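A.B. asks:
Protein chains: 2
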Amino acid sequence: MTCFELPATVALAASRTRALGFWKRLQTKVDEEVTVSGIEDVASLAGVSKATVSRALSGRGYVSVETRAKVSDAAHRLGYVVSSSASSLVTGRTNNVGVIIPRINQWFFGSILEGVERALLDRGYDLMLYNVSKTVEERSKVFEYFLVRKRVDAVIAVTLEITPAETERLVGLGKPIAGIGGPLEGIPTVSIDDVAAARLATEHLLLLGHRDIVHVGGDVDEQMDFHVHSKRLKGFLEALTAAGLPHDENSYLATRFDIPGGYRVGKQLLGDPRRRPTAVFAAADEVAIGVILAARELGISVPDDLSVIGIDNHPLSDMFGLTTVEQRPDLQGEHAVDWVIRQLEQPGWSPDAGHAFAPTRLVMRSSTAPPRPRAGS
Amino acid sequence: MTCFELPATVALAASRTRALGFWKRLQTKVDEEVTVSGIEDVASLAGVSKATVSRALSGRGYVSVETRAKVSDAAHRLGYVVSSSASSLVTGRTNNVGVIIPRINQWFFGSILEGVERALLDRGYDLMLYNVSKTVEERSKVFEYFLVRKRVDAVIAVTLEITPAETERLVGLGKPIAGIGGPLEGIPTVSIDDVAAARLATEHLLLLGHRDIVHVGGDVDEQMDFHVHSKRLKGFLEALTAAGLPHDENSYLATRFDIPGGYRVGKQLLGDPRRRPTAVFAAADEVAIGVILAARELGISVPDDLSVIGIDNHPLSDMFGLTTVEQRPDLQGEHAVDWVIRQLEQPGWSPDAGHAFAPTRLVMRSSTAPPRPRAGS
DNA sequence: GAAACTTATGGAAAGGTTTCCTGAACCAGG
DNA sequence: CCTGGTTCAGGAAACCTTTCCATAAGTTTC
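For the protein sequence lines, the chains are A and B, in the order given. Counting in the numbering used here, the first sequence runs from 1 upward without gaps. Counting in the numbering used here, the second sequence runs from 1001 upward without gaps.
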């Protein structure tokens, strides 16, 4: 790989003067109308007391319709907005929910985040984002310094291992918590049933007549592992065993959960014709797509020579004709939001089960077919 | 596409009882130690006044080392954390920065978000996420109801068209704003120089000897367009013109900015041998990858029969050997954070240019090569 | 040895809401 | 006409910090 440096960072835009001018104009404008109005101003403009303004705008307590109209008119005229600090100081509620997520730029995590965000905004909560990798220091920094700092009403932890001490701390503060993507000890969690999903995928291949299947998953010992890898492997093996098929160390290959990871392992697995299975069950669609790309490059036809199935229903799956077990991370996010907000809004309520399983379904496309009858047998 | 419904949503985890037991135990624990200590408790335990506690913990003002030790010890023993509502009520600072972003689950946006998040957390700020699409209602809801509600100190707007009125509103509140990804009227913005990047990519192809180049970009009229599409087209055309090459309406094709979008257009463009160019400049790597996949499927060799170049240096580009003009959205995010925090922490400061251009560089891989000598000429 | 600083601490005010409590007005029922 | 309930509105307390001001002790400086 060769690289050319682009001349340099150009510091000034072509339209500098114009943009700058506009900017400065706005800046001075600030100085003029620096007056930010408080509830008192609204009260006097509307000719009522602060208490009435508060009731009128929040919708709590008795306020006559005329008064309410006067107040909201005055508030609007003054451009008044309530100070959330003051408000939450007295109510004890911040209307924020903290979301801890290890990664953003990956389909599964991005989708969760989108779902959580949508659900929170719909219900009038703001989302505070903490992108925390597995580094212990980083995590404890977030826990001790940020989260706990009375800045959030509840916490949603995505695929994050939280120590019992941290859990206790959070729960001890009376903040609802929910997890997504893996069972957190002591925290209600929503995820798909990984064992069942893997079993379903494997059974699909078995049903088509495949007997020689390899599972490409994540590294079971990997630190990132959230029991996901081991569970999907478990479902795979369960299905094989139920079908009376043997398995050995060659039945399973570990790789990174992305397209290059699947490609690498695909090249390696499919390169040797004697070792080549008739079907591959990949633990994630991106891995499956990598395997398909490797197969294409090796001149192996999918599904004629090789069937491939994944899990996720990733946006790219349709283009590659990938048969897959669909999951909806965004809905899992919404579910978690439901839980914490429910706990917030009706105290005493708590999810009646420690774990909710999100639905999955088999989406059949063109990457799976019955195995080609063997020449030798 | 056929779908099988998985049996149903299973409502209970296998480990229900255990998980539930733990959960309940923690719940009751709450009732016992419901006492949340305030600054007063810390003060009396440390034997000092509230004022001293505040100074000791915040690090502002004079406090002797022994006193500071006593106070922090007491605070730690009581598990005391300052109430951010109370604190920001008096200081007027929330330590939050709002980020408005139209999409999360796409490399460019996800990377920006990761960069912004990292930079904010490093500097002790929290990030409030607003995932706002272009819907006018949704946007105004965020603006009027959330953002403005005195919940953020500053705003970073990613690729978002903000009306002058909205800008004025924000600036009028004295909140620093920065944009990423496109010039916002009146808001300092950081992005790459799209025209220059497109010119660089095109010049690379020209330098290799290509004379028949097609540009696959985004729809210039699309509402999502943030002048990005038109600017990259402009750079392309500039380079052609500078090289003395003509161009017509066949020189440019519009599609969606993702792999399937590139694939679709690639199939269509490359399907007709007479129309097929010797090189394609795609406005984004994902589009370029789609074109490569289409070429492979049509038996067109890259780079022997067709050179392809993109913009981004997407994580998948390396695997596809894609030559590209690299940009770093995460660094652009950090730059924007620098700007707003600087404005926050040294009032009066403002970026000296309305626009900062992030660096780009050409990354050469194996998808570009000199065109094959024509049989006919 | 007094004046001028520097360092350390406490008391009290301020910041902008929400909510409790109280009182007035109004209406229906006996 | 009186009682009790409902609706409406205001005064004031409470929420929990930070910061201003004042005081006092210790340290330099001429």
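Ideal Cβ positions, reconstructed from N, Cα and C, are used throughout, including at glycine. Since the model is a prediction, treat every value here as computed from it, not as a measurement.
Please classify R361/A: does DSSP put it in a helix, a strand, or coil?
C.D. replies: strand
A.B. asks: For G1218/B, decide whether its Cβ has a neighbour in chain A, counting only Cβ atoms nearer than 8 Å.
C.D. replies: So, not an interface residue.
A.B. asks: Assign W1339/B to one of two classes, buried (16 or more other C-beta atoms within 10 Å of its C-beta) or exposed (fewer than that).
C.D. replies: buried
A.B. asks: Check the Cβ of S1083/B against every Cβ in chain A and list those closer than 8 Å, keeping chain order.
C.D. replies: L89, K150
A.B. asks: Does N96/A come out as helix, strand or coil in the three-state DSSP assignment?
C.D. replies: strand
A.B. asks: To the nearest angstrom, report how far apart L273/A and L306/A are at their CA atoms.
C.D. replies: It is worth fixing the name first, because residue 273/A is Pro in this sequence and not Leu. Whole-angstrom Cα-Cα distance: 12 Å.
A.B. asks: Contact criterion: CB-CB distance below 8 Å. Does D1073/B meet it with respect to chain A?
C.D. replies: no
A.B. asks: Can you tell me where the alpha helix (DSSP H) holding H204/A begins and where it ends?
C.D. replies: 194-207
A.B. asks: Check the Cβ of W1107/B against every Cβ in chain A and list those closer than 9 Å, keeping chain order.
C.D. replies: N105
A.B. asks: Can you give the Cα-Cα distance for S378/A and W107/A, rounded to whole angstroms?
C.D. replies: Outside the shown range of chain A, which is 1 to 377, sits residue 378/A, and nothing can be said about it.
A.B. asks: Using a cut-off of 8 Å between C-beta atoms, extract the partners of A384/A located in chain B.
C.D. replies: The displayed coordinates of chain A run from 1 to 377. Any statement about residue 384/A would go beyond what the structure contains.
A.B. asks: Please state the DSSP three-state secondary structure of R1025/B.
C.D. replies: Residue placement at R1025/B cannot be trusted, given a pLDDT of 35 that sits under 50; the coordinates are not used to answer.
A.B. asks: Do L206/A and A243/A have their C-beta atoms closer together than 8 Å?
C.D. replies: yes
A.B. asks: Looking at the secondary structure, which residues open and close the beta strand (DSSP E) in which D73/A lies?
C.D. replies: From DSSP, D73/A is part of no beta strand (DSSP E) but of the alpha helix (DSSP H) over 65-78.
A.B. asks: Going along the chain, which residues of its own chain have a beta-carbon closer than 8 Å to the beta-carbon of H355/A, five neighbours each way excluded?
C.D. replies: Here H355/A has P183, P188, T189, V190, S191 as same chain residues with Cβ atoms under 8 Å from its own Cβ, once five neighbours each way along the sequence are excluded.
A.B. asks: Based on DSSP bridge pairs, tell me the residues matched to V1325/B.
C.D. replies: I1311/B, L1362/B
A.B. asks: Just the Cα atoms here: how many angstroms apart are S1230/B and N95/A?
C.D. replies: 41 Å
A.B. asks: So, for G47/A: in the same chain, excluding its five sequence neighbours on each side, which residues have a beta-carbon less than 8 Å away from its beta-carbon?
C.D. replies: K70
A.B. asks: Tell me the residue span of the alpha helix (DSSP H) that contains E39/A.
C.D. replies: Here the sequence assigns Ile to residue 39/A, which means Glu is not the residue at that position. Start and end: 39-46.
A.B. asks: Mind checking if L205/A is an interface residue toward chain B, Cβ cutoff 8 Å exclusive?
C.D. replies: no
A.B. asks: Between which two residues does the alpha helix (DSSP H) containing G1261/B stretch?
C.D. replies: 1259-1271
A.B. asks: Assign T2/A to one of two classes, buried (16 or more other C-beta atoms within 10 Å of its C-beta) or exposed (fewer than that).
C.D. replies: Reliability of the predicted coordinates at T2/A is poor, the pLDDT of 39 falling under 50, and the value obtained from them is presented with this limitation in mind. Exposed: under 16 other Cβ atoms inside 10 Å.
A.B. asks: Closest Cβ-Cβ distance between N1131/B and chain A: below 8 Å?
C.D. replies: It does: the Cβ of N1131/B has a partner Cβ on chain A nearer than 8 Å.
A.B. asks: Below 7 Å on C-beta distance, what does E114/A contact in chain B?
C.D. replies: I1104, N1105, N1131
A.B. asks: Residues bridged to H1355/B by DSSP?
C.D. replies: T1189/B
A.B. asks: Roughly how many angstroms separate the alpha carbons of L45/A and S1087/B, rounded to a whole number?
C.D. replies: 29 Å
A.B. asks: If the cut-off is 7 Å on Cβ atoms, which residues from the stretch 1236-1264 of chain B count as contacting chain A, listed in chain order?
C.D. replies: Residues passing the 7 Å Cβ filter: I1259, P1260, Y1263.
A.B. asks: What are the boundary residues of the alpha helix (DSSP H) that includes L160/A?
C.D. replies: Counting along the chain, L160/A falls outside any alpha helix (DSSP H), and DSSP gives it neither H nor E.
A.B. asks: When the Cα atoms are used, what is the spatial distance from V1228/B to D1194/B?
C.D. replies: 7 Å
A.B. asks: So E159/A and G186/A are supposed to be a Cβ contact under 8 Å. How far apart are they, rounded?
C.D. replies: Note that residue 159/A is Thr in the sequence shown, not Glu. That belief does not hold up - the Cβ atoms of T159/A and G186/A are roughly 16 Å apart, past 8 Å.
A.B. asks: Measuring CA to CA, which of A1284/B, A1295/B, E1286/B, D1285/B is closest to P1277/B?
C.D. replies: A1295/B
A.B. asks: Output the distance between the C-alpha atoms of D312/A and A358/A, rounded to the nearest integer angstrom.
C.D. replies: 12 Å
A.B. asks: Considering Cα atoms alone, identify which of L1078/B, L1322/B, I1300/B is closest to A1043/B.
C.D. replies: L1078/B
A.B. asks: Taking the continuous alpha helix (DSSP H) assigned at G290/A, which residues delimit it?
C.D. replies: 285-297
A.B. asks: Can you list, in chain order, the residues of its chain with a C-beta nearer than 7 Å to that of P1303/B? Leave out the 5 residues immediately preceding and following it.
C.D. replies: S1366, S1367, T1368, A1369
A.B. asks: Quick one: is G271/A near chain B, going by C-beta distance under 8 Å?
C.D. replies: no
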